[in-house]
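Single-structure report; data block below.
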Amino acid sequence: MRDVLAAFILLNAVVLIVTYLTYVERKFAARMQSRIGPYRVGRPHGWLQPIADAIKLVIKEDIIPALADRPVYNLAPIVFLIPSLLIFATIPFAPGLGLADLNIGLLFFLAVSSLEIVGLFMGGWGSNNKYALLSAMRGVNQIISYEVPFVLTALIPVLLAGSLQLSAIVEAQRGLWFVAYPVLGQLAFIAFVIATIASENRVPFDILEAESELVAGFRVEYSGMKFALIQLAEYTHMFGVSCLGALLFLGGWLGPGSAHPVVGAAWFLLKALFIFLLVTWVRWSFVRIRVDQILGLSWKVLLPATLILLMATGFWVALRSGHVA
Amino acid sequence: MSGVVFFLVAILAVASALGLVLRRNPIHGALFLVVNLGCVAVMYLLLGAEFLALAQVIIYAGAIMVLFVFAIMVLIPGKEETGPDPLRLQRLLALPLGALLLVEIALILQSSVFTAAPHPGVQPGYAAGAGGIQSVGRLLLRDYLLPFEVTSVLLLAALVGVLALAKRKAG
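Note that the protein sequences, when read in sequence, are chains P and G.
Per this note's numbering, the first sequence runs over residues 204 to 528.
Per this note's numbering, the second sequence runs over residues 18 to 188.
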């Protein structure tokens, strides 16, 4: 019973945070483009805008295309959303503040977030729309390509910490955050951010919703609440991956006064927000690149680079523990 | 509790396997396969083999994606072939061969494979401590290092072979 309550609170907190992440992103993007962003709904600075957006989406008409594959079309937003929410089951927000600190937490994260593509594909297929289907095919291509470097970069902190448990990885960074390890840490962090941007399908890797070619990609036929669920799933996944980055490279909840759970959680959320804003910064600074460039970057640059990094980390860990004569 | 979960998951697994076989639409079939593989992962979890369960999800999520793409590109869903069935012989053979497989499974279950003592590298309750990952790692990279490496070379050879075949067709 206690677990059910904790899960209820966590899910609602995550959804609330994610709703306001859209607001943060819009304000951030507006500043980068010398605009003000949402300002009218709620004083000061339009802080009620995300709530207004949500209400608008709920009361909109739900349209199902006549020729859609109805069960697949209707299930897709849910299948898309559930993995993004499940991610948060293993994330430790502060020492002892998390639902289930599994000893293979990172593996759970990778396994669950890899299921998201099923929902994306169902949406693209079920809509019975050429643009949506093309988008789903591009999504599959891209995720197959970037899953590998993403996992390889996530394994570097695992090697350094010697554990797959997310809280143990954070504790191993007590002296020095993994991002601060000379050369190795910075390169791994850069590779992680690139792979993150690609796995979140954001500019410059957003070919699957390239609005100038595919209108809105796999979600082009969705409206109302289903559209809202898809948007929510995307931002939740983005927030989840930002949290993972904060845990793996930026020392999670570690910081001055982090012995107190609330201070620790605040540090953790700040670090996750930093990664989110880093990705947003890239989004509003670059242009979309072509499909072949995206795939080439993954297989010809990122994959060899992360493999070499992983091997270098392995040698370093072996040297440190004295296994290499 | 875990008994109830097992029966629910087992029913779901069988139902989704039936759905996979009986649906004509290949995309629906692939989606049933997702459900089926998920059920198998849950069964691994119930047995305490967390690593195996999650590896199952990671590996088959990738495999399913490729299956989706092939289903769309090769099978053209919605335009299934009509007319004389080219696989008639296979259909006739399916029943006796299926029965043979069932008998084989029954014989294996009867034999000593499942009652014999486990491998000395496997401690009883090995999965409980470390989600199975440490013992799996130790078995793969120490006790069974040679077969493990040979398997990866085999996979690499398959990869190179596919690339060579695809290139020749294109050129």
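The beta carbon of each residue, even a glycine, is placed where N, CA and C say it ideally should be.
**Request:** Evaluate the contact criterion for the stretch 499-515 of chain P versus the stretch 465-485 of chain P: three or more CB pairs, one atom per stretch, below 8 Å.
**Result:** no
**Message:** Quick check: is the beta carbon of PHE49/G nearer than 9 Å to any beta carbon in chain P?
**Reply:** Position 32 of the second sequence, counted from the first residue, corresponds to residue 49/G. It does not; no Cβ of chain P falls within 9 Å.
**Asked** Among ALA271/P, ASP256/P, ARG491/P, GLY322/P, which has the Cα closest to the Cα of ILE285/P?
**Response** Position 82 of the first sequence, counted from the start, is the residue given in the question as residue 285/P. The shortest C-alpha separation from ILE285/P is found at GLY322/P.
**Request:** Could you please give the first and the last residue of the uninterrupted alpha helix (DSSP H) stretch that includes MET60/G?
**Result:** For the purposes of this step, residue 60/G is taken as residue 43 along the second sequence, with counting starting at 1. Run containing MET60/G: 43-63, per the alpha helix (DSSP H) assignment.
**Secondary structure of ALA375/P, DSSP reduced to three states** = The residue labelled residue 375/P in the question sits at position 172 within the first sequence. In this structure, ALA375/P counts as coil in the three-state DSSP scheme.
**Message:** Just to confirm before moving on: does the CB-CB distance between LEU63/G and VAL26/G stay below 9 Å?
**Reply:** Start at 1 with the first residue of the second sequence, and residue 63/G comes out as number 46. Start at 1 with the first residue of the second sequence, and residue 26/G comes out as number 9. In this structure, VAL26/G lies closer than 9 Å to LEU63/G by Cβ.
**Asked** Is ASP186/P buried or exposed, if buried means 16 or more other CB atoms sit within 10 Å of its CB?
**Response** Outside the shown range of chain P (204 to 528) lies residue 186/P, about which nothing can therefore be said.
**Request:** Could you list which residues in chain G have their beta carbon closer than 9 Å to that of ALA436/P, in chain order?
**Result:** Along the first sequence, one-based indexing puts residue 436/P at 233. Result: empty, since nearest Cβ-Cβ is about 16 Å, beyond 9 Å.
**Request:** With DSSP as the reference, label LEU176/G as helix, strand or coil.
**Result:** In the second sequence, residue 176/G corresponds to position 159, counting from 1. Correct three-state label for LEU176/G: helix.
**Close-in-space but distant-in-sequence residues of the same chain around TYR223/P (CB under 8 Å, 5 per side omitted)** = Position 20 of the first sequence, counting from 1, holds the residue named residue 223/P. Cβ within range, chain order: PRO253.
**Request:** Could I get the ranges of all uninterrupted alpha helix (DSSP H) runs contained in the stretch 61-87 of chain G, with 4 residues as the minimum, in chain order?
**Result:** 67-87
**Message:** Tell me which residues of the stretch 331-342 of chain P have at least one Cβ-Cβ distance to chain G shorter than 7 Å, keeping chain order.
**Reply:** MET340
**Prompt:** Which residues, in chain order, does the stretch 289-311 of chain P contribute to contact with chain G at a C-beta distance below 9 Å?
**Reply:** LEU305, ASN306, ILE307, LEU310, PHE311
**Secondary structure of ALA144/G, DSSP reduced to three states** = The residue you call residue 144/G lines up with position 127 of the second sequence. Reliability of the predicted coordinates at ALA144/G is poor, the pLDDT of 45 falling under 50, and no value is obtained from them.
**Item:** Closest by C-alpha distance to ALA210/P, when choosing among ALA232/P, ALA303/P, PHE231/P
**Value:** Counting from one through the first sequence, the residue named residue 210/P turns up at place 7. It is ALA303/P whose Cα lies nearest to the Cα of ALA210/P.
**Request:** Could you work out which residues of chain P lie near LEU71/G, taking near to mean beta carbons separated by less than 7 Å?
**Result:** Start at 1 with the first residue of the second sequence, and residue 71/G comes out as number 54. The contacting residues are ILE307, LEU310, PHE311, ALA314.
**LEU411/P - DSSP class collapsed to helix/strand/coil** = The residue labelled residue 411/P in the question sits at position 208 within the first sequence. Helix, per DSSP.
**Request:** Give me the Cβ distance between ALA47/G and ILE81/G, rounded to the nearest whole Å; I'm assuming they're in contact under 8 Å.
**Result:** Start at 1 with the first residue of the second sequence, and residue 47/G comes out as number 30. Start at 1 with the first residue of the second sequence, and residue 81/G comes out as number 64. Between ILE81/G and ALA47/G the Cβ distance is about 6 Å, and since that is below 8 Å, they are a contact.
**Asked** Just checking, does the stretch 391-398 of chain P make contact with the stretch 343-361 of chain P on the three C-beta pairs under 8 Å criterion?
**Response** yes
**Asked** Can you round the beta-carbon distance between GLY454/P and ILE290/P to whole angstroms, since I take them to be within the 8 Å contact cut?
**Response** Counted from its first residue, the first sequence places residue 454/P at position 251. Counted from its first residue, the first sequence places residue 290/P at position 87. At roughly 20 Å, the Cβ-Cβ gap does not stay under 8 Å, so GLY454/P and ILE290/P are not in contact.
**Prompt:** Using the C-alpha atoms, what's the distance from VAL218/P back to GLN434/P?
**Reply:** Residue 434/P sits at position 231 when you count from the first residue of the first sequence. Residue 218/P sits at position 15 when you count from the first residue of the first sequence. Straight-line Cα distance between these residues: approximately 11 Å.
**Request:** Decide if SER169/G is buried, meaning its Cβ has at least 16 other Cβ atoms within 10 Å, or exposed.
**Result:** For the purposes of this step, residue 169/G is identified with residue 152 of the second sequence, where counting begins at 1. Classification of SER169/G: exposed, given that the 10 Å Cβ count is below 16.
**Request:** Answer yes or no: does any C-beta atom of chain P fall closer than 9 Å to that of GLY79/G?
**Result:** Reading the second sequence from its first residue, position 62 is the one you call residue 79/G. Yes - at least one Cβ of chain P is within 9 Å of the one on GLY79/G.
**Item:** Chain-ordered neighbours of TRP328/P on chain G, where CB pairs are closer than 7 Å
**Value:** Residue 328/P sits at position 125 when you count from the first residue of the first sequence. In chain order: ILE44.
**Prompt:** Of the residues VAL167/G, ALA116/G, ILE76/G, which one's Cα is nearest the Cα of VAL57/G?
**Reply:** What you label residue 57/G is simply residue 40 of the second sequence in a count that begins at 1. Nearest C-alpha to VAL57/G: ILE76/G.
**Message:** On the DSSP letters alone, give me the boundaries of the alpha helix (DSSP H) that ILE347/P sits inside.
**Reply:** Position 144 of the first sequence, counted from the first residue, corresponds to residue 347/P. Where ILE347/P is concerned, the enclosing alpha helix (DSSP H) stretches over 333-364.
**Message:** What does the Cβ neighbour count give for LEU172/G, buried or exposed, with the cut at 16 atoms within 10 Å?
**Reply:** Taking the second sequence and counting its residues from 1, the one referred to as residue 172/G is at position 155. Under this definition LEU172/G is an exposed residue.
**GLY342/P versus TRP456/P, GLY420/P, HIS463/P, residue with shortest Cα-Cα distance** = Indexing the first sequence from 1 puts residue 342/P at position 139. The candidate whose alpha carbon is nearest that of GLY342/P is GLY420/P.
**Asked** What distance in whole Å lies between the Cβ atoms of ILE307/P and LEU213/P, which are believed to be in contact at a cut-off of 8 Å?
**Response** For the purposes of this step, residue 213/P is taken as residue 10 along the first sequence, with counting starting at 1. For the purposes of this step, residue 307/P is taken as residue 104 along the first sequence, with counting starting at 1. Actually they do not touch by this definition, with Cβ atoms about 20 Å apart.
**Request:** May I ask which residues mark the beginning and end of the alpha helix (DSSP H) holding LYS230/P?
**Result:** For the purposes of this step, residue 230/P is identified with residue 27 of the first sequence, where counting begins at 1. From DSSP, the alpha helix (DSSP H) with LYS230/P extends over 205-235.
**Asked** Can you pull the DSSP bridge partners for LEU179/P?
**Response** Lying outside 204 to 528, the shown extent of chain P, residue 179/P is not represented and no answer is given.
**Request:** Would you grab the beta carbon distance between PRO298/P and GLY460/P for me? Rounded to a whole angstrom, and I think it's under 8 Å.
**Result:** In the first sequence, counting from the first residue as 1, residue 298/P sits at position 95. In the first sequence, counting from the first residue as 1, residue 460/P sits at position 257. That pair is no contact at about 13 Å.
**Asked** Should LEU288/P and MET325/P be called a contact, given that it needs their Cβ atoms to be closer than 9 Å?
**Response** Residue numbering aside, residue 288/P sits at position 85 when the first sequence is read from its first letter. Residue numbering aside, residue 325/P sits at position 122 when the first sequence is read from its first letter. No. Outside cutoff.
**Item:** Neighbouring residues, chain P, relative to VAL86/G (Cβ below 7 Å)
**Value:** The residue given as residue 86/G occupies position 69 in the second sequence. The answer, in chain order, is MET340, VAL343.
**Item:** Exposure label - ASN53/G; buried when at least 16 CB within 10 Å
**Value:** As a first step, residue 53/G must be located in the second sequence, where it is residue number 36. Buried, because 16 or more other Cβ atoms sit within 10 Å of the Cβ of ASN53/G.
**Message:** Please report whether the beta-carbon of ASP206/P lies at a distance below 9 Å from any beta-carbon of chain G.
**Reply:** In the first sequence, the residue the question calls residue 206/P occupies position 3. By this cut-off, ASP206/P is not an interface position.
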